[in-house]
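Below is one structure, written out as structure tokens, with a few remarks after it.
In my numbering, the protein residues as written are 2 to 299.
Here's what the structure looks like:
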């Protein structure tokens with residue numbers, strides 16, 4: 002790093018997508034640029050920031066340039082992003098159509114061949130060249146339109162994921178599994194006290210895994226708070242079900258419980274075109290069906 006600069010821009014950790022974002026505020030020199038790319042950062046021109054998924058190594062790398070790394074939730078408005086990308090797709094598609102129409106103008110009718118030596122030869126060749134240029138531009142703009150449609154679709158999927166309780170629950174389950182792996186790694190290290198020769202390496206490993214554990218705790222806290230903010234419909238835990246229970250599911254309709262596992266409930270579909278098929282369903286997608294009240298009619 003250039004010794005003349007104590008800090009270089011600002012950096013934040015984005016809680017929403019688990020990324021580090023560094024805005025240098027000045028052009029990186031060749032060495033800084035190479036190291037930033039080698040660390041796994043990519044330049045996001047729309048955000049004017051270097052972005053990468055969080056790791057301890059990348060956090061340490063940024064702390065060479067900035068005094069601290071702040072925390073923030075996603076500053077982007079998903080609806081605005083969808084509208085912006087869709088608008089760019091529509092504009093590119095309009096330009097493509099305009100170029101395609103221009104490519105058909107000025108050409109001799111019915112594909113008339115060039116009359117070599119005729120006074121119209123030069124005009125005919127120029128018309129074909131203009132048509133070829135316009136058609137190439139039409140294809141380029143069509144590709145741009147397809148790109149921006151894909152970006153708009155991605156932004157829409159991301160917006161749904163941020164507000165879908167099922168997606169958030171699955172993310173929490175994955176984070177909890179990752180934390181269990183890290184906790185086992187820490188327990189294994191602590192069960193094998195270091196020797197004087199391995200003390201430094203042992204300290205580095207313990208620090209590394211503790212930082213990962215703290216990071217996952219932070220992410221779990223954020224995701225659980227996001228789930229709570231959505232006010233999802235309460236659901237019974239997996240232990241609330243037993244074989245033979247009748248339940249309603251979001252995807253398969255009315256089903257009967259076949260087996261209860263540690264995480265999912267295996268059910269057999271009793272309605273619909275796939276009646277008799279069996280599925281593994283997470284408990285948050287189940288709703289118990291109350292038993293029918295006995296008839297009082299005489």
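Virtual Cβ for every residue (Gly too), placed ideally from N, Cα, C.
Rounded to the nearest angstrom, the gap between the Cα atoms of residue 187 and residue 206 is 9 Å. Residue pairing by DSSP leaves residue 34 without any beta bridge partner. Contact between residue 100 and residue 139 holds, since their C-beta atoms are separated by about 4 Å, short of 8 Å.
Judged by pairs of C-beta atoms under 8 Å, the segment 211 to 220 touches the segment 168 to 187, as three or more such pairs exist.
Within the same chain, Cβ atoms closer than 6 Å to the Cβ of residue 273 are found at 254, the five residues on either side in sequence being excluded. Contact between residue 55 and residue 37 fails: their C-beta atoms lie close to 15 Å from each other, not under 8 Å.
At the C-beta level, residue 259 and residue 242 stay beyond 7 Å of one another. Of the candidates 282, 8 and 270, the residue whose Cα lies closest to the Cα of residue 27 is 8. Between the alpha carbons of residue 132 and residue 149 lies a distance of about 26 Å. Taking the Cα positions, residue 245 is about 30 Å away from residue 172. In the displayed model, residue 253 falls within coil according to three-state DSSP, outside both helix and strand. Your pair residue 285 and residue 161 does not check out as a contact, with CB atoms roughly 17 Å apart and the cut at 8 Å. Assigned with DSSP and collapsed to three states, residue 47 falls in coil, not helix or strand. Residue 70 is bridged by DSSP to 12. According to DSSP, residue 279 shares a beta bridge with 269. Rounded to whole angstroms, the gap between the alpha carbons of residue 264 and residue 176 is 15 Å.
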